[in-house]
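Student: Going by this note's numbering, the first residue of the sequence shown is number 1, and it counts up by one from there. All C-beta atoms, glycine included, are put in the ideal place defined by N, C-alpha and C.
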Amino acid sequence: MSDSDATRKKPPGTPPADPRKAALELRKLELEIKALTFKQSRLGRLTEILQGVVPILAILSLVWTVVVGLNQQEAQRKDAESARFERAFAKLGSSVPSERVTGVAQASALLHAAGGERDRDILTALANQLALDPNPAVRSAILNVLSNLDHTTDAATLNATLKNIVDLQRVMVQSAGMTPFELSSALKDGRGIYFIPDLSNATEADQQTIDETFVRLESLRAALVALLKAGGRTRQMDHIYCPDCAFDVLKVDFSEVSFQNAILPGTQWNLVRLARSSFKDAVLTGADFTGAMLEGADLSADETNTHREEYIAANAIRYLSGPQLPRVLDEFITRAPTFICANLKNANFSGRLLFSRIDDDTTDNASDGFVRDFLRANIAGADFRQAREMVIRRVEAGREQDPYVRLHRVVASERNPKAYYYTTIALTYMDFFQRRRNTAQDREHDLTMEVVAQSFLMADNVEEAKFPEGVQAAIKALRAKPSSFNFPTCDVYLKDLRNAQP
Numbered sequence: 001m002s003d004s005d006a007t008r009k010k011p012p013g014t015p016p017a018d019p020r021k022a023a024l025e026l027r028k029l030e031l032e033i034k035a036l037t038f039k040q041s042r043l044g045r046l047t048e049i050l051q052g053v054v055p056i057l058a059i060l061s062l063v064w065t066v067v068v069g070l071n072q073q074e075a076q077r078k079d080a081e082s083a084r085f086e087r088a089f090a091k092l093g094s095s096v097p098s099e100r101v102t103g104v105a106q107a108s109a110l111l112h113a114a115g116g117e118r119d120r121d122i123l124t125a126l127a128n129q130l131a132l133d134p135n136p137a138v139r140s141a142i143l144n145v146l147s148n149l150d151h152t153t154d155a156a157t158l159n160a161t162l163k164n165i166v167d168l169q170r171v172m173v174q175s176a177g178m179t180p181f182e183l184s185s186a187l188k189d190g191r192g193i194y195f196i197p198d199l200s201n202a203t204e205a206d207q208q209t210i211d212e213t214f215v216r217l218e219s220l221r222a223a224l225v226a227l228l229k230a231g232g233r234t235r236q237m238d239h240i241y242c243p244d245c246a247f248d249v250l251k252v253d254f255s256e257v258s259f260q261n262a263i264l265p266g267t268q269w270n271l272v273r274l275a276r277s278s279f280k281d282a283v284l285t286g287a288d289f290t291g292a293m294l295e296g297a298d299l300s301a302d303e304t305n306t307h308r309e310e311y312i313a314a315n316a317i318r319y320l321s322g323p324q325l326p327r328v329l330d331e332f333i334t335r336a337p338t339f340i341c342a343n344l345k346n347a348n349f350s351g352r353l354l355f356s357r358i359d360d361d362t363t364d365n366a367s368d369g370f371v372r373d374f375l376r377a378n379i380a381g382a383d384f385r386q387a388r389e390m391v392i393r394r395v396e397a398g399r400e401q402d403p404y405v406r407l408h409r410v411v412a413s414e415r416n417p418k419a420y421y422y423t424t425i426a427l428t429y430m431d432f433f434q435r436r437r438n439t440a441q442d443r444e445h446d447l448t449m450e451v452v453a454q455s456f457l458m459a460d461n462v463e464e465a466k467f468p469e470g471v472q473a474a475i476k477a478l479r480a481k482p483s484s485f486n487f488p489t490c491d492v493y494l495k496d497l498r499n500a501q502p
């Protein structure tokens, strides 16, 4: 085809072809081919991946920056709290009472701010200060903090603080240098100073030590109750000091809790769950277990633990007057623990001093009062075979200086010219007793049998309890006699008790 033919075929008005355009299009195709080739290469694929990751990395970098900033702020806050905590601790160690009160206030203000370990450290410090501080204002401030604790405080913190208070009490009780009887018999005089009646001849220094010891024990006692009320729990409450504590109003289940060697005179346990708990060697003078659930509880005592004997010897007949003394000393005289309508199924009373009587010529024809210790208590399976009895006897002429008599002296009324001493008898001998024409031994056995039978006259499930030989038959014979005593059923009696509780 000639050039003239090509020229003739172009539409009219068509501009002449640009030779550079074809070159550019060719170059474009070459670049596209190179780009596609690069994308298919390993480096190209890596570049695409990086292009997708870069925005994510930017976001993560921003998040990391925010987190670091927040952590720095939290660290600054903790540093500030630590500084406040240290300042409060420093004030607690001040020699000025007002400074220590300020330290208590500052420490309490930090409670619940961080929680956990910090709360535990604060409460531990306050409990330790309570046990050591001699100033009543400081102790009062600490007790105010503890009494305002509630379930908003972490349970583990409450438990740890309660355990710490129990440990502080245990150390103080064991290091006090006093017998369980002395620890349980302290009184306050008109000036508010603690003293022990049987230590009236104590030196001034000893008296000051006694007062300081009981002031600290009473402070820890209040703290113990406050922690229990707030929700603190522990199964190890051995050696605690809590006279007259109303455990029944706390609504706490104390099952499987150990109160071994605890000082618990006058305590209230009405309707409290105490299954499989242990009160071994605990001081329970005047304790009230009415309606308590004590299935499988250990209420035993070691025969070397003489706090019951000491209390009875010091108080049982001191205030009794008249020509005749009662033959059987009931719970009102001896302040024995009472178990009215309690569930004592399978409880253990081995070694526990449960019975006391007076053996004197004036008591031969004495009328006995009704013993209410185990009134309507369920004693099925309870073990009384090794329980003990205390016998108060007149001092025979010529035995006034006998070491045994002097050691076991019984305080009598000033209007009673007779002197008395006591002995204790384990009931186990009754399993081996045989009458052998020994009038004194036969009489001793018969009197003990009467006292034991009388103590369980109104108990329930006597036939299933564990007694020495002959006791159940004696109870049965005593029940056959007419009696005018009338007691409502435990359902009725305990219902009234429940309604009376707050």
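Evaluate residue 269 with the Cβ neighbour count: other Cβ atoms within 10 Å of its Cβ, from every protein chain shown; 16 or more gives buried, anything less gives exposed.
Tutor: Buried, by the Cβ-count rule.
Student: In angstroms with no decimal places, state the Cα-to-Cα distance between residue 421 and residue 250.
Tutor: Rounded to the nearest angstrom, the two C-alpha atoms are 41 Å apart.
Student: Quick one: what's got a C-beta closer than 7 Å to residue 282's C-beta in the same chain, skipping five residues either side?
Tutor: 259, 260, 261, 262, 264, listed in sequence order.
Student: Between the alpha carbons of residue 167 and residue 86, how many angstroms are there, rounded?
Tutor: Approximately 25 Å between the Cα atoms of the pair.
Student: When the distance is taken between beta carbons, is residue 316 closer than 9 Å to residue 392?
Tutor: Result yes, Cβ atoms of residue 392 and residue 316 sit closer than 9 Å.
Student: Considering only the alpha carbon of each residue, which of 156, 286, 253, 293 lies closest to residue 307?
Tutor: The shortest C-alpha separation from residue 307 is found at 286.
Student: Three-state secondary structure (DSSP) at residue 41?
Tutor: Coil at residue 41, not helix or strand.
Student: Between the C-alpha atoms of residue 479 and residue 457, what's the straight-line distance to the nearest angstrom?
Tutor: If I take the Cα positions, the gap works out to 7 Å.
Student: Three-state secondary structure (DSSP) at residue 483?
Tutor: Correct three-state label for residue 483: coil.
Student: What are the boundary residues of the beta strand (DSSP E) that includes residue 96?
Tutor: No beta strand (DSSP E) holds residue 96; DSSP gives it neither H nor E.
Student: Can you tell me whether residue 489 is buried or exposed, with buried defined as 16 or more other CB within 10 angstroms of its CB?
Tutor: Exposed, because fewer than 16 other Cβ atoms sit within 10 Å of the Cβ of residue 489.
Student: Using the Cβ count rule (16 or more neighbours within 10 Å means buried), how would you classify residue 495?
Tutor: So residue 495 counts as exposed.
Student: Using 8 Å as the threshold, is the region 335 to 349 in touch with the region 379 to 386, meaning 3 or more CB pairs across them?
Tutor: These segments touch.
Student: In the DSSP assignment, what residue or residues form a beta bridge with residue 422?
Tutor: DSSP lists 392 as partners of residue 422.
Student: Taking 8 Å as the cut-off, does the region 57 to 70 touch the region 96 to 110 (at least 3 CB pairs, one atom from each stretch)?
Tutor: The region 96 to 110 vs the region 57 to 70: no contact.
Student: So residue 359 is in the beta strand (DSSP E); what residue range does that whole segment cover?
Tutor: First-last of the beta strand (DSSP E) with residue 359: 353 to 359.
Student: Thinking just about the alpha-carbon of each residue, which of 291, 401, 388 is nearest to the one in residue 449?
Tutor: For residue 449, the nearest C-alpha among the options comes from 388.
Student: Rounded to whole angstroms, what is the Cα-Cα separation between residue 427 and residue 353?
Tutor: Rounded to the nearest angstrom, the two C-alpha atoms are 10 Å apart.
Student: Do the CB positions of residue 231 and residue 151 come within less than 9 Å of each other?
Tutor: In contact: residue 231 and residue 151 (Cβ atoms closer than 9 Å).
Student: Going by alpha carbons, who is nearest to residue 339 out of 409, 267, 398, 396?
Tutor: Ranking the options by Cα distance to residue 339, first place goes to 267.
Student: Name the residue from 145, 159, 472, 256 whose alpha carbon lies nearest to the alpha carbon of residue 294.
Tutor: It is 256 whose Cα lies nearest to the Cα of residue 294.
Student: With which residues is residue 409 paired in a DSSP beta bridge?
Tutor: Its beta-bridge partners are 421.
Student: Out of 359, 377, 498, 499, which one is the CA nearest neighbour of residue 444?
Tutor: Checked all of 359, 377, 498, 499; the closest Cα to residue 444 is 359.
Student: Here's a check: name, in chain order, each residue in its chain whose Cβ is nearer than 6 Å to the Cβ of residue 120, leaving out the five neighbours to either side.
Tutor: If we look at residue 120 and ignore the five residues flanking it on each side, its Cβ neighbours are 157, 160.
Student: Quick check: the Cα distance between residue 107 and residue 183, rounded to an integer number of angstroms?
Tutor: Roughly 33 Å separates the two Cα atoms.
Student: What's the C-alpha gap between residue 69 and residue 154?
Tutor: Looking at the two C-alpha atoms, the distance is approximately 29 Å.
Student: Looking at the strands, I want to know which residues DSSP matches up with residue 267.
Tutor: Paired residue(s): none; residue 267 is not in a bridge.
Student: Please report how far the alpha carbon of residue 34 lies from the alpha carbon of residue 71, in whole angstroms.
Tutor: Straight-line Cα distance between these residues: approximately 50 Å.
Student: Under a three-way DSSP split, which group does residue 293 fall into?
Tutor: Here residue 293 sits in strand by DSSP.
Student: Measuring CB atoms only, is the region 214 to 224 touching the region 128 to 142, in the sense that at least three cross pairs come out at less than 8 Å?
Tutor: As far as the Cβ criterion goes, the region 214 to 224 touches the region 128 to 142, which means the pair count is three or higher.
Student: Go ahead and label residue 327 buried or exposed: buried means 16 or more other beta carbons lie within 10 angstroms of its beta carbon, across all protein chains shown.
Tutor: So residue 327 ends up on the buried side.
Student: Just the C-alpha distance for residue 223 and residue 290, rounded to the nearest angstrom, thanks.
Tutor: Going from the Cα of residue 223 to the Cα of residue 290 covers about 26 Å.
Student: What are the residues that DSSP puts in a beta bridge with residue 338?
Tutor: Answer by DSSP bridge pairing, in chain order: 288.
Student: Please determine, among 297, 165, 397, the residue with the shortest C-alpha to C-alpha distance to residue 131.
Tutor: Per the Cα distances, 165.
Student: Can you list, in chain order, the residues of its chain whose CB lies under 8 Å from that of residue 248, leaving out five sequence neighbours each side?
Tutor: So the list reads 268, 269, 270, 271, 272, 501, once near-sequence residues are dropped.
Student: Quick one: grab the DSSP three-state call for residue 106.
Tutor: Looking at residue 106 - three-state DSSP - the assignment turns out to be helix.
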